[in-house]
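Notes to accompany the following structure.
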Amino acid sequence: MEFLYEILKKGGVSGDESQFSAFILDYVLQRRNQWKVVPEVYYGEGFHDNIVLKFGRPRTAVFAHMDTIGFTARYENQLVPVGGPDVNDGDILVGEDELGPIECSVKIVDGNVFHDFKRSIVRGTNLSYKQEINLDDEFIQAAYLDNRLGVYNALQLCEDLEDGVVVFSTYEEHGGGSMPFLVKFMYEKWQVSQALISDITWVTEGVKHHEGVAISLRDKYIPRKKFVDRIVGLAQSSGVPFQLEVEGAGGSDGREIQMSPYMIDWCFIGAAEDNVHTPYEKVSLKDLASMIELYKYLMVHL
Numbered sequence: 498m499e500f501l502y503e504i505l506k507k508g509g510v511s512g513d514e515s516q517f518s519a520f521i522l523d524y525v526l527q528r529r530n531q532w533k534v535v536p537e538v539y540y541g542e543g544f545h546d547n548i549v550l551k552f553g554r555p556r557t558a559v560f561a562h563m564d565t566i567g568f569t570a571r572y573e574n575q576l577v578p579v580g581g582p583d584v585n586d587g588d589i590l591v592g593e594d595e596l597g598p599i600e601c602s603v604k605i606v607d608g609n610v611f612h613d614f615k616r617s618i619v620r621g622t623n624l625s626y627k628q629e630i631n632l633d634d635e636f637i638q639a640a641y642l643d644n645r646l647g648v649y650n651a652l653q654l655c656e657d658l659e660d661g662v663v664v665f666s667t668y669e670e671h672g673g674g675s676m677p678f679l680v681k682f683m684y685e686k687w688q689v690s691q692a693l694i695s696d697i698t699w700v701t702e703g704v705k706h707h708e709g710v711a712i713s714l715r716d717k718y719i720p721r722k723k724f725v726d727r728i729v730g731l732a733q734s735s736g737v738p739f740q741l742e743v744e745g746a747g748g749s750d751g752r753e754i755q756m757s758p759y760m761i762d763w764c765f766i767g768a769a770e771d772n773v774h775t776p777y778e779k780v781s782l783k784d785l786a787s788m789i790e791l792y793k794y795l796m797v798h799l
């Protein structure tokens with residue numbers, strides 16, 4: 498859990514993922530020789546802040562987005578949301594501009610979001626929720642479990658993965674943008690035509706804590722039923738606890754896979770959280786464990 502704590506403390510608001518990407522890349526380059534298969538690593542200016550790892554002879558790709566929601570400093574102490582934060586008066590934000598570190602509180606006035614910092618914040622500076630991690634025997638609660646847990650899952654998968662592609666993507670929380678390139682690169686280079694979305698979903702009346710990782714049959718977008726049925730069958734064979742999700746809203750990197758010109762099957766599989774897009778996101782440790790276990794099983798059998 499020490500590594501999970503470490504990544505939870507890293508910022509990465511959509512469009513400003515470079516520092517977190519560099520942290521993940523450094524981790525990969527230091528650890529890859531200890532993994533079961535040493536992956537090829539694709540990164541650099543041509544990939545912006547995205548990272549692609551290729552193991553063996555891949556059949557399936559796992560996508561985990563590195564970015565988070567947040568806020569951008571505007572004028573007159575106003576903040577512009579990035580993505581869809583569920584912000585409340587008094588939430589504490591942190592960041593840094595050229596004048597120094599920043600910690601301030603949110604003030605909501607007539608539906609607009611302001612900060613109370615003692616000076617003006619340099620325009621364009623990104624702020625994120627102040628991190629406070631709480632862990633007990635059943636739950637982890639913190640900001641940005643979406644999608645730091647998805648990244649954590651993908652990195653755990655790398656340790657034993659023999660064949661597959663693992664992609665750390667950007668911009669997911671604010672409309673996407675990196676996926677068309679990543680999908681094209683993956684498909685044209687290795688003809689990978691299956692994808693799993695390592696992300697965090699919602700606790701609802703039908704998806705509950707402690708009942709296993711959620712396999713999403715659909716959200717706003719609808720993956721191909723033949724592929725999803727195959728995943729459900731494999732999940733049943735695995736013995737890993739899981740539950741089925743059916744929603745009519747929400748989306749993920751799967752949306753851009755579905756909208757791409759390539760015939761790639763996809764499915765969202767992730768633990769569910771309470772308090773979505775707040776500083777108090779909450780996930781069952783049992784569900785996180787089943788998420789990691791099911792991904793490892795599926796990447797062998799798909």
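Here this note's numbering is used: the first residue of the sequence shown is 498, the next is one more, and so on. For every residue, glycine included, the Cβ atom is placed at its ideal position computed from N, Cα and C.
- Taking 8 Å as the cut-off, the beta carbon of alanine 711 is found closer than this to the beta carbon of glutamine 740.
- Within the same chain, Cβ atoms closer than 7 Å to the Cβ of tyrosine 718 are found at Gly748, Gly751, Arg752 and Gln755, the five residues on either side in sequence being excluded.
- The DSSP assignment places complete beta strand (DSSP E) segments of no fewer than 3 residues inside the stretch 586-622 at 589-594, 597-606 and 609-612, in order along the chain.
- Two segments are said to touch when three or more pairs of C-beta atoms, one from each, lie closer than 8 Å; by this definition the stretch 760-774 touches the stretch 695-714.
- Considered as a whole, the stretch 672-721 harbours 691-695 and 710-715 as its complete beta strand (DSSP E) runs of no fewer than 3 residues, in chain order.
- In the structure shown, the three-state DSSP call for tyrosine 524 is helix.
- Secondary-structure assignment with DSSP links threonine 667 through no beta bridge to anything.
- Only residues of its own chain outside the window of five on either side were considered, and among them Asp716 have a CB closer than 6 Å to the CB of glutamate 744, listed in chain order.
- Listed in chain order, the non-local C-beta contacts of proline 738 below 6 Å within the same chain comprise Gly709 and Ser787, local neighbours out to five positions each way being set aside.
- Beyond the five residues adjoining it in sequence on each side, leucine 505 comes within less than 7 Å, by CB distance, of Gln628, Ile630, Ala639, Tyr641 and Arg645 in the same chain, given in chain order.
- Within the model, the alpha-carbon separation for leucine 526 versus valine 610 is close to 40 Å.
- Phenylalanine 568 places its beta carbon less than 8 Å from that of leucine 624.
- Exposure of tyrosine 572 is indicated by the presence of fewer than 16 other C-beta atoms within 10 angstroms of its C-beta.
- With fewer than 16 other Cβ atoms inside 10 Å of its own Cβ, leucine 596 counts as exposed.
- Contact between the stretch 659-672 and the stretch 584-594 is absent, with fewer than three C-beta pairs closer than 8 Å.
- In terms of Cβ geometry, serine 757 and valine 559 do not form a close pair [threshold 8 Å].
- Where alanine 651 is concerned, the enclosing alpha helix (DSSP H) starts and stops at 642-655.
- When the alpha-carbon of leucine 785 is set against those of Ile566, Glu635, Leu679 and His798, the nearest one is in Glu635.
- Isoleucine 618 places its beta carbon less than 8 Å from that of isoleucine 599.
- With respect to the 8 Å criterion, leucine 731 and leucine 795 are classified as neighbours on the basis of their beta carbons.
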